[in-house]
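Using the working numbering, you'd call the opening residue of the sequence shown number 1 and step up by one each time. For glycine and all other residues, C-beta sits at the position ideal for the given N, C-alpha and C. First comes the structure, then the notes that go with it.
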Amino acid sequence: MELNVRSDRKIVEIWLTRDEKQSEQVQKELKLVYQSFKGTGYTVVAFLSGEQSLEDTASDLICYNRKRIAQLEVEQEKKQDIAVTM
1 MELNVRSDRK IVEIWLTRDE KQSEQVQKEL KLVYQSFKGT GYTVVAFLSG EQSLEDTASD
61 LICYNRKRIA QLEVEQEKKQ DIAVTM
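So, in structure tokens, the structure goes:
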């Protein structure tokens, strides 16, 4: 578990690995962290590791964005062609 206190933003970040998020001991520690910051004005945020491969997910996102950009460019070109022919 990694804990980062961002005093300038009043945020407490907690980063958990796949194994840690299933651990009863870590869950107990999380409760203590939540309790210790209760009423202080800080927002406690827990980030849990996902189940998918970061590499695969990032690759899928990049491919989707490239396709979407190409679609938007084609649509823009069609609009320009229509405007020129009128």
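Between the options, which lies nearest to residue i when the distance is taken from Cα to Cα?
{"i": "tyrosine 34", "options": "Ile69, Arg66, Ile14 and Glu77", "result": "Ile14"}
{"i": "methionine 1", "options": "Ser7, Ile11, Gln76 and Leu30", "result": "Leu30"}
{"i": "glutamine 27", "options": "Val74, Asp8 and Leu48", "result": "Leu48"}
{"i": "glycine 50", "options": "Lys21, Cys63 and Lys38", "result": "Lys21"}
{"i": "glycine 41", "options": "Arg66, Asp19, Val5 and Glu73", "result": "Val5"}
Specify the secondary structure class of residue i as computed by DSSP and reduced to three states.
{"i": "threonine 57", "result": "helix"}
{"i": "glutamate 2", "result": "strand"}
Between which two residues does the alpha helix (DSSP H) carrying residue i extend?
{"i": "glutamate 13", "result": "First-last for glutamate 13: 11-16, but that is the beta strand (DSSP E), not the alpha helix (DSSP H)."}
{"i": "glutamine 27", "result": "24-37"}
Compute the distance between the beta-carbons of residue i and residue j, then report whether it is under 8 Å.
{"i": "threonine 43", "j": "isoleucine 69", "result": "no"}
{"i": "leucine 16", "j": "alanine 46", "result": "yes"}
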